[in-house]
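Below is one structure; the comments refer to it alone.
In my numbering, the protein residues as written are 6 to 501.
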């Protein structure tokens, strides 16, 4: 308990805890939803299979019952055939056929049915005593979809054939199993459509063994099941719901969030950023008021705080010091510093001066939390130097203007303001004198002093580009000389 009270990462612990619970519950919930979807699809398949199985079983049972009603009649067929047609409302015709498939007698006086003849010949060849069902075909008289069933009588010389209408079955299947989320198709043993929920032209391009089917820019997952003998094949078209992709993306996102929290937590537990807790009761704004540069780093050597003075010292190198590594500005100081060492002092070389600095580890209860670097700046000497320099610039008889790298007035003495007018800080040099501005642009990379006459003001000037220690252009120094008029007089004498 003491560990948790001292640790200041309770929000991260809470985040990891709840994210872990959410991920576990999410996986369980997604599994539950997946089972619901699977059970939903299985129920649809089972209902459709049961309905189709019931149709085929009805055809077989009615055919077997009809044979039994004929056999005891001793060839008194006409009354029996009439009675058979009343067994079921789906019966459209009844036939008596001989062994070569020739129709001997039919209820509707239609002498031949080529589909019945084919299955009779097939049954005789296979010596089958079972009910044989034909492929789906259209009754030429009634123009309805029918299937024919044949079964031999006991003497094997006469066969009974019955036509069954499947129109009602087709209507029920389309009505119950054709919506925007799923559809069902039924093909007989010869791949003739018993039920087809799409346009008829799509049947020709339907690949029987494919797992996917596209209709009107909609993807369907295809599952099939075989029913009866000879087998009718049922195809189940379930609309693609992208559930697996959604589940995968969601879980990956949650795992990534958990990883980020765990990473931050481990970083804190290992003490990489624990230096912040050392100053938990200190207002960092106080450190901005001191004259020394103050830099605080964590155990990975990354700066977690730098006061204003430190940022000013390294302003030419980095715009901000926070989140950069200490070695980027001080070299590999951390590499040679032992955790058990005390503070070390060193001299920091800057472009224009040397600064003294002290570097010390931050240790709390025997554990290193980070390091503290303090850079001593002689502000008083620098201020005095600036005062002297500014005084010198103000009292010289020449006008002095400094134009920064953005071509704006950075500083100007009193004489320059007398010559060129009001030179406000931040004013573009193009506004002051376009010709002078153009001359400065042209000589940015010259590296030497250039002279230019400003006839508009009766002056001449010398410009000198200024570069930093890395050779990068920093600005231009313009010195205004009031000698243009005397130069013109001397030139006139020479011409005479």
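C-beta: ideal position from N, C-alpha, C; glycine also.
| query | result |
| --- | --- |
| Assigned exposure category for residue 166 - 16 Cβ within 10 Å defines buried | buried |
| Residue 344 (DSSP reduced to helix, strand or coil) | Reliability fails at residue 344, whose pLDDT of 47 lies under 50, so the model's placement of it is uncertain and the value that follows must be treated cautiously. In the structure shown, residue 344 sits in coil (DSSP, three-state: anything other than H, G, I, E or B). |
| Alpha-carbon to alpha-carbon, residue 470 and residue 318 | 23 Å |
| Assigned exposure category for residue 99 - 16 Cβ within 10 Å defines buried | buried |
| Backbone secondary structure at residue 25 - three-state DSSP | helix |
| Cα-Cα separation, residue 124 to residue 103 | 12 Å |
| Distance CB(residue 434)-CB(residue 468) smaller than 8 Å | no |
| Three-state secondary structure assigned by DSSP to residue 220 | strand |
| Residue 292 classed as buried or exposed, judged by whether at least 16 other C-beta atoms fall within 10 angstroms | buried |
| Start-to-end residues for the beta strand (DSSP E) that takes in residue 407 | 404-409 |
| Neighbourhood of residue 502 by C-beta distance below 6 Å, restricted to the same chain and skipping five residues each side | What the structure shows of the chain is the stretch from 6 to 501, and residue 502 is not part of that stretch, so it cannot be assessed. |
| Residue span of the alpha helix (DSSP H) that contains residue 177, given as start and end | 172-182 |
| Bridge partners - residue 364, DSSP secondary structure assignment | 349, 378 |
| 4 or more residues per run - each alpha helix (DSSP H) lying fully within the region 312-341 | 313-318, 332-335 |
| Nearest to residue 138 (by Cα), restricted to the options 179, 189, 297, 65 | 65 |
| CA-to-CA distance, residue 142 to residue 49, given in whole angstroms | 27 Å |
| Reduced DSSP secondary structure (H/G/I, E/B, other) of residue 214 | coil |
| Separation of residue 44 from residue 186, as counted between CA atoms | 15 Å |
| Nearest-angstrom Cα separation, counted from residue 414 out to residue 437 | 9 Å |
| Limits of the beta strand (DSSP E) - the one that residue 416 falls within | 414-417 |
| Inside the region 82-151 only - beta strand (DSSP E) runs reaching at least 3 residues | 96-103, 108-111 |
| Cβ pair count under 8 Å reaching 3, the region 299-319 against the region 400-407 | no |
| The region 193-205 in contact with the region 243-255 per 3-pair CB rule at 8 Å | no |
| Cutoff 7 Å; reference residue 134; Cβ partners in own chain excluding five residues on either side | 157 |
| Contacts around residue 424, its chain only, beta-carbon distance under 7 Å, and the 5 residues preceding and following it disregarded | 404, 462, 464, 485 |
| Cα-Cα separation, residue 428 to residue 421 | 8 Å |
| In DSSP terms, what residue 249 is bridged to | In DSSP, residue 249 forms no bridge with anything. |
| Identified DSSP bridge partners for residue 465 | 458, 486 |
| Limits of the beta strand (DSSP E) - the one that residue 242 falls within | 237-244 |
| Counted within 10 angstroms of its Cβ, other Cβ atoms place residue 59 as buried (16 or more) or exposed | exposed |
| Simplified DSSP state of residue 370, which is helix, strand or coil | coil |
| Nearest-angstrom Cβ-Cβ length linking residue 441 and residue 457, presumed shorter than 8 Å | 7 Å |
| Bounding residues of the alpha helix (DSSP H) (the contiguous stretch that carries residue 290) | 289-292 |
| Sub-8 Å separation of residue 227 and residue 242 beta-carbons | yes |
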